[in-house]
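A.B. asks:
Numbering (the numbering used here), first residue to last: 92 to 603.
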């Protein structure tokens with residue numbers, strides 16, 4: 092049963108990775124894949140744990156709900172909402188409706204990791220337990236912040252905090268935890284890396300092509316490819332910007348995805364065994380890089396450079412000439428609008444012009460700091476729509492035609508939504524991941540496949556962290572992909588040791 096459950100979770104995870112880029116139109120299948128991942132994990136528990144496990148799980152769930160009810164009672168009497176007065180009964184009913192089933196599943200996973208761990212499962216070392224403990228603590232604080240939110244559940248629109256936990260936070264953490272218990276071999280890593288790579292190359296090439304044709308295509312091209320979609324989206328009432336960002340709804344999310352795919356190209360190169368295929372993989376790196384270029388997202392460009400520098404330093408600093416060559420080639424083939432956008436990074440006017448995006452972000456950050464000072468303990472409540480509604484209610488619009496949907500910074504958004512405790516836990520979690528990657532790096536030898544793989548994950552981690560300083564990427568399906576990457580990094584020391592000796596020897600000595 093353990094093998095069947097593991098394979099079921101792994102297969103569903105592959106389906107999940109295929110559906111990740113498509114934010115609309117596949118919600119039912121996407122959520123169904125998440126359920127199957129969980130079902131596979133539960134099947135692994137059957138026959139491995141006794142009745143005491145299930146009894147303790149029910150008891151922990153009941154006690155937790157009682158404590159959450161007490162928290163809701165305190166919140167409903169002491170925290171005055173600006174929009175609506177919530178009773179304890181309403182909050183608890185919505186908690187059970189939105190989060191109850193998921194929280195029970197989280198209880199099962201937690202107990203199997205820390206209390207009733209099956210003997211046949213690979214034991215976790217101290218570092219692994221620390222990382223998992225930080226992730227669990229972060230999830231708990233987010234749930235408490237949702238209960239104490241200024242809008243714990245929705246009355247119409249926008250989405251309430253508890254619904255946000257059901258849609259995003261709880262699935263993120265469950266998939267992360269289950270992946271940590273599912274992936275135990277280099278073969279599993281190869282499956283995940285190859286899936287992300289193949290889907291990413293297809294999506295990045297299609298998105299870049301449509302984006303490029305929209306900007307530079309002729310009138311007939313725009314009419315055929317873009318304008319019909321534009322009209323359809325307008326009729327649906329969604330943002331018009333979705334017309335030239337397929338399949339993502341915004342260029343920042345497309346850039347986030349392309350950034351991660353670019354680093355996965357490096358990983359795929361060392362997963363691939365055939366040298367002819369390795370050559371094609373290396374050339375394919377141009378696709379996600381070009382996709383990032385045509386999104387005109389400067390924060391993503393900076394993050395990619397930082398990630399590439401970190402990767403090279405991990406392998407061999409003398410290889411920096413490769414980065415310079417790629418940068419020169421990108422500059423040489425880029426259109427004028429891209430070159431102007433890149434040069435604007437070095438212009439003081441970029442950071443002072445009121446109509447510029449950096450100036451707008453700085454204003455949003457100032458407001459976010461004010462909100463954190465006003466709500467330091469648990470924030471406004473989980474969910475960026477809670478933040479957006481709060482800003483609409485308390486602040487004048489920065490621009491007449493634009494809302495403030497989030498803080499444009501992962502760390503600041505976490506602090507605004509769930510308070511300083513959640514921020515400290517997430518920063519500690521990120522730091523623990525960095526330490527875990529460095530542990531794996533120290534355990535590898537120079538010029539070997541494990542060293543190159545670790546370098547790729549290090550570049551991935553610091554690049555998404557840097558990009559998260561100017562963009563909020565811990566949401567939607569991009570947030571799910573980030574937590575999947577976190578799971579791969581969590582297991583890195585044990586996986587690098589599991590790479591077969593013949594594959595380690597196959598790593599080229601002159602790869603740097």
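For every residue, glycine included, the Cβ atom is placed at its ideal position computed from N, Cα and C. All of these numbers come straight from a predicted model, not from anything done at the bench.
Please state the DSSP three-state secondary structure of residue 239.
C.D. replies: As a first step, residue 239 must be located in the chain shown, where it is residue number 148. Note: residue 239 maps to coil in three-state DSSP.
A.B. asks: Is residue 312 buried or exposed, if buried means 16 or more other CB atoms sit within 10 Å of its CB?
C.D. replies: For the purposes of this step, residue 312 is identified with residue 221 of the chain shown, where counting begins at 1. Note that residue 312 scores a pLDDT of 41, beneath 50, so its modelled location is shaky; the value from the coordinates is reported in the next line. Exposed is the call here.
A.B. asks: Hey, would you say residue 348 sits closer than 8 Å to residue 577, going by beta carbons?
C.D. replies: As a first step, residue 348 is located in the chain shown; it is residue number 257 there, counting from the start. As a first step, residue 577 is located in the chain shown; it is residue number 486 there, counting from the start. Contact flag unset, no.
A.B. asks: With distances taken between CB atoms, is the gap from residue 162 to residue 238 smaller than 8 Å?
C.D. replies: In the chain shown, residue 162 corresponds to position 71, counting from 1. In the chain shown, residue 238 corresponds to position 147, counting from 1. Cβ atoms of residue 162 and residue 238: closer than 8 Å.
A.B. asks: Using C-beta distances below 7 Å, list every residue in its chain close to residue 449, excluding the 5 sequence neighbours before and after it, in chain order.
C.D. replies: Here residue 449 refers to the residue found at position 358 of the chain shown. Once the five neighbours on either side are set aside, the close Cβ partners of residue 449 are 441, 442.
A.B. asks: Can residue 100 and residue 128 be called in contact, C-beta distance under 8 Å?
C.D. replies: Taking the first residue of the chain shown as 1, we reach residue 100 at position 9. Taking the first residue of the chain shown as 1, we reach residue 128 at position 37. Yes.
A.B. asks: For residue 195, I'd like the list of residues in its chain whose CB is within less than 6 Å of its CB, leaving aside the five on either flank, ordered along the chain.
C.D. replies: The count along the chain shown starts at 1 and reaches residue 195 at position 104. 152.
A.B. asks: What span of residues does the alpha helix (DSSP H) with residue 93 cover, start to end?
C.D. replies: As a working note, residue 93 is residue 2 in the chain shown. Counting along the chain, residue 93 sits inside the alpha helix (DSSP H) bounded by residues 93–110.
A.B. asks: DSSP three-state call for residue 281: helix, strand or coil?
C.D. replies: Here residue 281 corresponds to residue number 190 of the chain shown, with the count starting at 1. In the structure shown, residue 281 sits in a helix (DSSP, three-state: H, G or I).
A.B. asks: Consult DSSP for residue 501 and reduce its assignment to one of helix, strand or coil.
C.D. replies: Within the chain shown, residue 501 is the residue found at index 410, counting from 1. Residue 501: helix per DSSP, three-state reduction.
A.B. asks: Express the C-alpha separation of residue 219 and residue 205 in angstroms, rounding to a whole number.
C.D. replies: The count along the chain shown starts at 1 and reaches residue 205 at position 114. The count along the chain shown starts at 1 and reaches residue 219 at position 128. Approximately 11 Å between the Cα atoms of the pair.
A.B. asks: Here's the rule I'm using: 16 or more other beta-carbon atoms within 10 Å means buried, otherwise exposed. How should residue 116 be labelled?
C.D. replies: Along the chain shown, read from residue 1 onward, the residue named residue 116 stands at position 25. Counting Cβ neighbours within 10 Å, residue 116 comes out exposed, since fewer than 16 surround it.
A.B. asks: In this structure, how does DSSP classify residue 590 when only helix, strand and coil are distinguished?
C.D. replies: Stepping through the chain shown from its first residue, residue 590 is reached at position 499. Residue 590 falls in the coil class under three-state DSSP.
A.B. asks: Could you work out which residue in 453, 467, 271 is closest to residue 562 when comparing CA atoms only?
C.D. replies: As a working mapping, residue 562 is identified with position 471 in the chain shown. Looking from the CA of residue 562, the closest CA among 453, 467, 271 belongs to 453.
A.B. asks: Our contact map puts residue 251 next to residue 474 with C-beta atoms below 8 Å; I'd like the distance itself, whole angstroms only.
C.D. replies: In the chain shown, counting from the first residue as 1, residue 251 sits at position 160. In the chain shown, counting from the first residue as 1, residue 474 sits at position 383. Their Cβ separation, rounded to whole angstroms, is 7 Å, which keeps residue 251 and residue 474 in contact under 8 Å.
A.B. asks: Going by DSSP in three states, residue 299 sits in which element: helix, strand or coil?
C.D. replies: The residue given as residue 299 occupies position 208 in the chain shown. It is helical.
A.B. asks: Ignore the nearest five residues each way along the sequence and tell me which others in residue 284's own chain have a CB closer than 7 Å to its CB.
C.D. replies: Reading the chain shown from its first residue, position 193 is the one you call residue 284. 355, 358, 359, 362.
A.B. asks: May I have the straight-line CA-CA distance separating residue 193 from residue 136, to the nearest angstrom?
C.D. replies: Start at 1 with the first residue of the chain shown, and residue 193 comes out as number 102. Start at 1 with the first residue of the chain shown, and residue 136 comes out as number 45. Roughly 17 Å separates the two Cα atoms.
A.B. asks: Exposed or buried, which one is residue 299 when buried takes at least 16 other CB atoms within 10 Å?
C.D. replies: The count along the chain shown starts at 1 and reaches residue 299 at position 208. The residue is buried, with at least 16 neighbouring Cβ atoms inside 10 Å.
A.B. asks: Please report the residue range of the alpha helix (DSSP H) in which residue 443 lies.
C.D. replies: Taking the chain shown and counting its residues from 1, the one referred to as residue 443 is at position 352. Note, residue 443: alpha helix (DSSP H), 440–443.
A.B. asks: Would you call the CB atoms of residue 165 and residue 296 closer than 8 Å?
C.D. replies: Numbered from its first residue, the chain shown carries residue 165 at position 74. Numbered from its first residue, the chain shown carries residue 296 at position 205. Cβ atoms of residue 165 and residue 296: not closer than 8 Å.
A.B. asks: Confirm, please, whether the CB-CB distance from residue 108 to residue 290 is below 8 Å.
C.D. replies: Walking along the chain shown from the start, residue 290 turns up at place 199. Walking along the chain shown from the start, residue 108 turns up at place 17. Yes, Cβ-Cβ distance for residue 290 and residue 108 is below 8 Å.
A.B. asks: Counting C-beta neighbours from all protein chains within 10 Å, is the total for residue 499 16 or more, i.e. buried, or is it exposed?
C.D. replies: On the chain shown, position 408 is the one that residue 499 refers to. So residue 499 counts as buried.
A.B. asks: Sorted by chain position, which residues of the same chain lie with C-beta nearer than 6 Å to residue 411's C-beta, five sequence neighbours on each side aside?
C.D. replies: Position 320 of the chain shown, counted from the first residue, corresponds to residue 411. Excluding positions up to five away in sequence, the list reads 403.
A.B. asks: My parser needs the beta strand (DSSP E) runs of 3 or more residues fully inside the stretch 351–382; what are they?
C.D. replies: none
A.B. asks: For residue 115, does the three-state DSSP call read helix, strand or coil?
C.D. replies: Taking the chain shown and counting its residues from 1, one reaches residue 115 at position 24. Reduced to three states, the DSSP call for residue 115 is coil.
A.B. asks: Ignoring anything shorter than 3 residues, give me the beta strand (DSSP E) runs that lie fully in the stretch 407–487, in order along the chain.
C.D. replies: You should have found no qualifying run.
A.B. asks: If you scan the stretch 177–248 from start to end, which runs of the beta strand (DSSP E) of 3 or more residues do you find wholly inside it?
C.D. replies: Taking only runs of at least 3 residues, no beta strand (DSSP E) segment lies wholly in the stretch 177–248.
A.B. asks: Taking all protein chains shown into account, decide if residue 399 is buried (16 or more other Cβ within 10 angstroms of its Cβ) or exposed.
C.D. replies: Taking the chain shown and counting its residues from 1, one reaches residue 399 at position 308. Under this definition residue 399 is a buried residue.
A.B. asks: Which of the three DSSP states, helix, strand or coil, is assigned to residue 534?
C.D. replies: Walking along the chain shown from the start, residue 534 turns up at place 443. Coil at residue 534, not helix or strand.
A.B. asks: Quick check on residue 489: does DSSP put it in helix, strand or coil?
C.D. replies: Along the chain shown, read from residue 1 onward, the residue named residue 489 stands at position 398. Assignment of residue 489 by DSSP, reduced to helix, strand and coil, places it in the coil class.
A.B. asks: Can we say the stretch 509–522 touches the stretch 228–237, given the rule of at least three CB pairs closer than 8 Å?
C.D. replies: yes
A.B. asks: Under a three-way DSSP split, which group does residue 509 fall into?
C.D. replies: Here the question's residue 509 lines up with position 418 in the chain shown. Helix, per DSSP.
A.B. asks: Label residue 431 either buried or exposed according to how many other C-beta atoms from any shown protein chain fall within 10 Å of its C-beta, with 16 as the threshold for buried.
C.D. replies: Taking the first residue of the chain shown as 1, we reach residue 431 at position 340. With fewer than 16 Cβ atoms within 10 Å of its Cβ, residue 431 is classed as exposed.
A.B. asks: Output yes or no for whether 8 Å exceeds the beta carbon distance between residue 261 and residue 149.
C.D. replies: Counting from one through the chain shown, the residue named residue 261 turns up at place 170. Counting from one through the chain shown, the residue named residue 149 turns up at place 58. In this structure, residue 149 does not lie closer than 8 Å to residue 261 by Cβ.
A.B. asks: Let me know if residue 97 comes out buried or exposed under the rule of 16 or more other beta-carbons within 10 Å of its beta-carbon.
C.D. replies: For the purposes of this step, residue 97 is taken as residue 6 along the chain shown, with counting starting at 1. Counting Cβ neighbours within 10 Å, residue 97 comes out buried, since at least 16 surround it.
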